[in-house]
Amino acid sequence: MSSARPTGNRDRSRRAAGWAIRILRDPAALFGILVLLLLVAAALFASTIAPLDPNKQDLGARLLPPFYAEGGSSEHVLGTDQLGRDVFSRIIHGTRISLTIPLVSVTLAGIFGTAVGLLSGYSGGRADTVIMRIVDTLFSFPGLLLALTILAVVGPSFWTLAIVLSLRIWMVFARLTRGLVLSAREAEYVEAAELVGASPTRIMMRHIAPNLTAPLLTLAVLESAHVILSEAALSFLGLGIQPPQTSWGLDVAIGRQYVFSAPWLIIFPGIAIAVAVLGINLLASWLRVAADPEESAKRFAAAADAPTGWSE
Amino acid sequence: MGRYLLKRLSQAVLVVISVMVVVFVVTRLIGDPVAVMLPLEATEENRAILEAQLGLDRPILVQLGHYIVDAVQLDLGDSLWQRRPAIDIVLERLPPTIVLVVAGFVLGVLLGVVIGVVSSLRPGGWVDRAAVTLGLLGVSLPQFWIGLMFIVFFSVGLGWFPTSGSGGIEFLVLPAVVLALPIVGRIALVTRSSMIDEMNAQHVKDAVARGVSRTRIVLVHALKGAGIATLTIAGWELIGALAGGAVVVETVYAWPGIGFTAMQAIERHDIILVQAVVFVVAIMVVTINIIVDITYAMLDPRVKLDRAR
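Chains as they are written, first to last, in numbering that gives the first Met the number 0: chain A, 0 to 311; chain B, 0 to 308.
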C-alpha cells in the first residue's frame with residue numbers, strides 16, 4: 000500500500016530505486032517489464048521498426064516461408080501471407096491494436112467500476128445492496144457469447160470492441176473497490192476523521208483513495224492480459240478488428256486457411272499474443288506480491304485467480 | 000434450505016430475463032435486425048414484409064412483452080437460416096457441447112488440482128517452478144491458436160487425431176484438451192496458493208502436532224480447506240468454458256455444438272438463432288451458479304444458506 004502522505008523527493012527516489020532493485024532480482028518480473036517495454040516501443044515506433052508497409056501487397060512474393068526455411072529470405076524474415084504482405088511488419092503494427100484496446104477498455108472499465116465501487120461502499124445500506132445485486136447479475140451473464148452477439152448486431156469496429164470488452168470487466172473493479180472501501184472505513188484513522196467532522200469528499204479522497212491505488216493498478220494490469228486475449232479471440236472469430244487495420248488475432252484468422260501449406264502465418268502472430276499476455280501476467284503476479292507483504296511468502300503466487308468468468 | 004433455494008431460483012430467473020432484455024435492446028434498438036437479415040439489394044417493400052413478419056412494426060414495449068412471454072414458453076421464433084424453430088436447433092446441438100465442456104472441465108480440474116497440490120508441497124522448489132510456469136502458460140496462450148497448433152502437430156504432423164469434425168472419441172481428444180488448458184492453469188495456481196495458506200493454518204499445525212501422517216495432512220486436512228477456494232474458481236471455469244471457450248474451440252475444430260452453431264448463425268445473419276443460443280446458455284449459467292453455491296455451503300460449515308447474500 001502506498002502511503003497517503005506526500006514524501007520528499009529524496010524519499011521518493013530512494014523508494015523508486017528500491018522497487019527497481021526488486022524487479023531486477025526477480026527474473027519473472029524482469030521478463031514481464033521487458034516484454035511490456037518492447038511492446039510499447041514496437042507500438043510507438045512501428046513505422047520505423049517494421050521493414051515494410053504492413054498492407055503493401057506483392058503478388059509476386061506470395062506465401063514466402065520464413066528465413067530459416069528453404070526458399071526463405073532475410074527480406075521477409077517471418078515470410079509473407081497470401082497477398083505477399085510481410086508477416087513481421089504486420090506483427091509489429093499489430094502491437095498498436097493489442098496495446099490500445101486494453102488501454103482504452105481497462106481505463107473505461109477502471110474509471111466506471113471504481114466510481115460505482117466507491118459509491119456502493121461509501122453509501123452502504125440500500126444503495127449498496129442494489130448496486131451489488133446488479134453487479135452480481137452482470138457477473139452471471141454469458142460473457143463472450145453475449146459480446147459476440149452485440150458485436151454481430153452493432154457491427155465490429157475499434158470502439159465497439161473496446162466498449163464491449165470494458166462492459167465485461169468493469170464489475171471486477173467495482174467489487175474490488177467496494178471491498179477495499181469497506182475495510183478502509185473500519186480503520187481507526189477514518190473513524191477519527193469522521194469524528195472531527197471531515198467532509199465525505201475529503202475522507203474519500205484523502206483517507207480512503209490512497210489505499211486503493213496499489214490493488215487497483217495490479218487489477219488493471221491483470222485485466223489488460225485478459226482483454227488482449229479477448230480481443231485476439233474476437234478478432235479471430237471475425238467480430239473484432241477489421242481489415243485494413245491489423246491485429247494478431249485477425250492475422251491468425253487469415254492464416255487459418257493456409258494452416259497446412261503456410262503454418263508460419265499462424266505461428267508467429269500467435270507467439271506474439273502468447274508472449275505479450277505471459278509478460279503482462281508475470282508482471283501482474285509480481286506486482287501483487289510486491290504490493291502485499293503477506294503474499295511475499297508465496298513468491299510465484301497465482302497470476303490469474305481473480306477470475307472474471309470467461310476464458311478464451 | 001427451501002426458502003434459500005426459492006430465493007436463488009427467483010434471482011436466476013431475473014438474470015435470464017435481464018440477459019434477454021439486454022439482447023433485445025441491443026438487437027432492436029441499437030442494431031437494425033432487418034437491415035442485418037436482408038441482402039443489400041432488398042427494396043423498401045421487402046423490408047416492410049419482413050418487419051411485419053417478425054412483428055417489428057409493433058410498439059417496442061409490446062414487442063418486448065411478447066418476446067419475453069414467448070421465451071418463457073420456449074418459443075424463440077423460427078431460425079431464418081433453417082426455417083424451423085430456433086430452440087429445436089439449439090437443443091439438437093446441445094449434447095455435443097455438453098460432452099465437450101464436461102470432458103474439458105473434468106480434465107482441467109483434475110489435472111489442475113493434482114498439479115496445484117504437488118507444487119504446493121515444496122514451494123519454490125523446481126517442481127513448483129515448473130508447475131507455476133505451466134500454469135501461467137495455460138492462462139496466457141490463446142485457445143484458438145493452441146487449437147490450430149495442435150492440428151498442425153498432432154493431426155497433420157503425426158496423424159494421431161482427425162483435424163476436425165465429430166464422430167468417435169478420437170475427435171474429442173484435441174478440442175477437450177484445448178478447452179482444458181486454461182482451466183488447468185488457473186485451477187493449479189489457485190489450488191497451490193490456497194494449499195500453501197492451509198498448510199500454515201492453525202488447524203493443520205495442530206494436526207501436525209498431534210502426529211497425523213503427512214499424506215493425511217496434505218490430502219485430508221489441507222485439501223479440504225483449499226478445496227473451497229478451488230470450487231469457487233471451478234464454477235467460474237465451467238461457466239467460462241460454456242459461454243466462451245466452447246465457442247472458440249468448437250469453431251476451430253468444427254465441433255457441431257451450440258458455439259459453432261452461434262458462429263454459423265452470425266455468419267448467416269440469423270439473429271433469432273443467436274438469441275436462442277444466448278438464452279439456453281444463460282439458463283445453463285445460472286443453473287451452474289446455483290449448484291456451485293449449494294455445494295459451497297455444504298462443504299463450508301461457516302456458510303449458512305439462509306443468511307448467504
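Cβ atoms here follow ideal geometry from the backbone N, Cα and C, with glycine treated the same way.
**Alpha-carbon spacing of Asn288(B) relative to Glu249(B), whole angstroms** = Residue 288(B) sits at position 289 when you count from the first residue of the second sequence. Residue 249(B) sits at position 250 when you count from the first residue of the second sequence. Approximately 23 Å between the Cα atoms of the pair.
**C-beta neighbour in chain A for Pro94(B), strict 8 Å** = Counted from its first residue, the second sequence places residue 94(B) at position 95. So, not an interface residue.
**Asked** Secondary structure at Pro26(A), three-state DSSP: helix, strand or coil?
**Response** On the first sequence, position 27 is the one that residue 26(A) refers to. Note: Pro26(A) maps to helix in three-state DSSP.
**Beta-carbon proximity check, Ile186(B) vs Ile257(B), cutoff 8 Å** = Taking the second sequence and counting its residues from 1, the one referred to as residue 186(B) is at position 187. Taking the second sequence and counting its residues from 1, the one referred to as residue 257(B) is at position 258. For Ile186(B) and Ile257(B), no; Cβs fall outside 8 Å.
**Request:** Ignore the nearest five residues each way along the sequence and tell me which others in Val15(B)'s own chain have a CB closer than 8 Å to its CB.
**Result:** Position 16 of the second sequence, counted from the start, is the residue given in the question as residue 15(B). Counting only Cβ-Cβ distances below 8 Å, and skipping sequence neighbours, we find Phe278, Ala281, Ile282, Val285.
**Request:** Quick one: grab the DSSP three-state call for Glu311(A).
**Result:** To locate residue 311(A), count along the first sequence from 1; it is residue 312. Reliability of the predicted coordinates at Glu311(A) is poor, the pLDDT of 40 falling under 50, and the value obtained from them is presented with this limitation in mind. Three-state DSSP puts Glu311(A) in coil, outside helix and strand.
**Prompt:** CA-CA distance, Met166(A) and Lys204(B)?
**Reply:** Stepping through the first sequence from its first residue, residue 166(A) is reached at position 167. Stepping through the second sequence from its first residue, residue 204(B) is reached at position 205. For clarity, residue 166(A) is Leu in the given sequence; the question names Met instead. Cα-Cα distance, rounded: 44 Å.
**Environment of Asp85(A) [buried if 16+ CB atoms lie within 10 Å]** = Position 86 of the first sequence, counted from the first residue, corresponds to residue 85(A). Classification for Asp85(A): buried.
**Request:** Kindly say whether Arg255(A), judged by its beta-carbon, lies nearer than 8 Å to any beta-carbon of chain B.
**Result:** Residue mapping note: residue 255(A) aligns to position 256 of the first sequence, counting from 1. Arg255(A) counts as touching chain B.
**Item:** Residue-chain proximity (Pro161(B), chain A), Cβ-Cβ < 8 Å
**Value:** Numbered from 1 along the second sequence, position 162 holds the residue referred to as residue 161(B). It does not: the Cβ of Pro161(B) has no partner Cβ on chain A nearer than 8 Å.
**Asked** Around the Cβ of Val195(A), are there at least 16 other Cβ atoms within 10 angstroms (buried) or fewer (exposed)?
**Response** Taking the first sequence and counting its residues from 1, the one referred to as residue 195(A) is at position 196. So Val195(A) counts as exposed.
**Prompt:** Between Arg13(A) and Pro209(A), what straight-line distance do the alpha-carbon atoms span, to the nearest angstrom?
**Reply:** Within the first sequence, numbered from 1, the residue matching residue 13(A) stands at position 14. Within the first sequence, numbered from 1, the residue matching residue 209(A) stands at position 210. Distance between the alpha carbons of Arg13(A) and Pro209(A): 20 Å.
**Asked** Are the Cβ atoms of Gly278(A) and Val34(A) separated by less than 8 Å?
**Response** For the purposes of this step, residue 278(A) is identified with residue 279 of the first sequence, where counting begins at 1. For the purposes of this step, residue 34(A) is identified with residue 35 of the first sequence, where counting begins at 1. Yes, the Cβ-Cβ distance between Gly278(A) and Val34(A) is below 8 Å.
**Residue environment, Trp235(B), which counts as buried when at least 16 other CB atoms sit within 10 Å** = The residue labelled residue 235(B) in the question sits at position 236 within the second sequence. Counting Cβ neighbours within 10 Å, Trp235(B) comes out buried, since at least 16 surround it.
**Prompt:** Along chain B, which residues have their Cβ under 7 Å away from the Cβ of Val258(A)?
**Reply:** For this step, residue 258(A) is matched to residue 259 along the first sequence. The contacting residues are Leu147, Ile150, Val151.
**Asked** Mind checking if Ser12(A) is an interface residue toward chain B, Cβ cutoff 8 Å exclusive?
**Response** Along the first sequence, read from residue 1 onward, the residue named residue 12(A) stands at position 13. No, because no Cβ of chain B sits closer than 8 Å to the Cβ of Ser12(A).
**Request:** If I'm right that Val226(A) touches Ala173(A) with Cβ under 8 Å, what's the distance once you round it to whole angstroms?
**Result:** On the first sequence, position 227 is the one that residue 226(A) refers to. On the first sequence, position 174 is the one that residue 173(A) refers to. With a Cβ gap of about 17 Å, Val226(A) and Ala173(A) do not count as contacting.
**Per-residue contacts from Leu236(A) into chain B (C-beta, under 9 Å)** = In the first sequence, the residue the question calls residue 236(A) occupies position 237. Going along chain B in sequence order, the residues near Leu236(A) (Cβ under 9 Å) are Phe143, Val246, Val247, Thr250, Met262, Ile265.
**Request:** Express the C-alpha separation of Ser119(B) and Leu298(B) in angstroms, rounding to a whole number.
**Result:** In the second sequence, residue 298(B) corresponds to position 299, counting from 1. In the second sequence, residue 119(B) corresponds to position 120, counting from 1. Each residue's alpha carbon lies about 22 Å from the other.
**Item:** Pro209(A) (DSSP reduced to helix, strand or coil)
**Value:** In the first sequence, residue 209(A) corresponds to position 210, counting from 1. Pro209(A) falls in the helix class under three-state DSSP.
**Prompt:** Can you tell me the Cα-Cα spacing of Thr159(A) and Ile96(A), whole angstroms?
**Reply:** In the first sequence, the residue the question calls residue 159(A) occupies position 160. In the first sequence, the residue the question calls residue 96(A) occupies position 97. Near 14 Å, if we compare the C-alpha coordinates of Ile96(A) and Thr159(A).
**Request:** State yes or no: is the beta carbon of Ser139(A) nearer than 8 Å to at least one beta carbon in chain B?
**Result:** Here residue 139(A) is taken as the residue at index 140 of the first sequence, counted from 1. Yes, contact with chain B.
**Request:** Can you give me the Cβ contacts of Leu216(A) inside the same chain, cut-off strictly under 6 Å, excluding the 5 residues immediately before and after it?
**Result:** On the first sequence, position 217 is the one that residue 216(A) refers to. Here the set comprises nothing.
**Request:** Whole angstroms is fine: what's the gap from Gly59(A)'s alpha carbon to Thr26(B)'s?
**Result:** Taking the first sequence and counting its residues from 1, one reaches residue 59(A) at position 60. Taking the second sequence and counting its residues from 1, one reaches residue 26(B) at position 27. If you take the alpha carbons of Gly59(A) and Thr26(B), they lie about 44 Å apart.
**Interface positions of the stretch 151-162 of chain A facing chain B (Cβ-Cβ less than 7 Å), listed along the chain** = Ala151, Val152, Val153
**Message:** With a threshold of 8 Å between beta-carbons, can Pro262(A) be considered close to chain B, or not?
**Reply:** As a working note, residue 262(A) is residue 263 in the first sequence. Judged by the 8 Å Cβ criterion, Pro262(A) is in contact with chain B.
**Request:** Mind reading off the beta-carbon distance from Thr260(B) to Ile88(B)? Whole number of angstroms is fine, and I expect it under 8 Å.
**Result:** In the second sequence, the residue the question calls residue 260(B) occupies position 261. In the second sequence, the residue the question calls residue 88(B) occupies position 89. Right, their Cβ atoms sit about 7 Å apart.
**Prompt:** Considering only the beta carbon of each residue, do Pro94(B) and Ser165(B) sit closer than 8 Å?
**Reply:** Here residue 94(B) is taken as the residue at index 95 of the second sequence, counted from 1. Here residue 165(B) is taken as the residue at index 166 of the second sequence, counted from 1. It is not a contact, given that the beta carbons lie outside the stated cut-off.
**Prompt:** What is the residue span of the alpha helix (DSSP H) that Arg46(B) lies within?
**Reply:** By 1-based counting over the second sequence, the position of residue 46(B) is 47. 43-53 is the span of the alpha helix (DSSP H), which, as asked, contains Arg46(B).
**Prompt:** Cβ-heavy atom distance between Ala175(B) and the ligand MG below 7 Å?
**Reply:** Absence of the ligand MG from the depicted structure is noted, as is the absence of any ligand whatsoever, leaving it without description.
**Prompt:** Out of curiosity, what's the CA-to-CA distance linking Lys268(B) and Leu37(B)?
**Reply:** Against the second sequence, residue 268(B) aligns to sequence position 269. Against the second sequence, residue 37(B) aligns to sequence position 38. Note on residue identity: the sequence assigns His, not Lys, to residue 268(B). Taking the straight line from one Cα to the other gives about 8 Å.
**Request:** Tell me whether the beta-carbon of Ile202(A) lies closer than 8 Å to the beta-carbon of Ala192(A).
**Result:** Position 203 of the first sequence, counted from the first residue, corresponds to residue 202(A). Position 193 of the first sequence, counted from the first residue, corresponds to residue 192(A). For Ile202(A) and Ala192(A), yes; Cβs fall inside 8 Å.
**Request:** For Ala242(B), go through chain A and note every residue whose CB falls closer than 9 Å to its CB, in chain order.
**Result:** Position 243 of the second sequence holds residue 242(B). The answer, in chain order, is Phe140, Pro141, Gly142, Leu143, Leu144, Leu145, Gly308, Trp309.
**Request:** Could you check if Trp18(A) is buried or exposed, using at least 16 other CB atoms within 10 Å of its CB as the buried criterion?
**Result:** Indexing the first sequence from 1 puts residue 18(A) at position 19. Exposed.
**Asked** If you draw a straight line from the C-alpha of Leu117(A) to the C-alpha of Met148(B), how long is it?
**Response** Reading the first sequence from its first residue, position 118 is the one you call residue 117(A). Reading the second sequence from its first residue, position 149 is the one you call residue 148(B). Roughly 44 Å separates the two Cα atoms.
**For Thr79(A), the residue or residues it bridges with in DSSP** = Counting from one through the first sequence, the residue named residue 79(A) turns up at place 80. DSSP output for Thr79(A) lists Asp85(A) as bridge partner(s).
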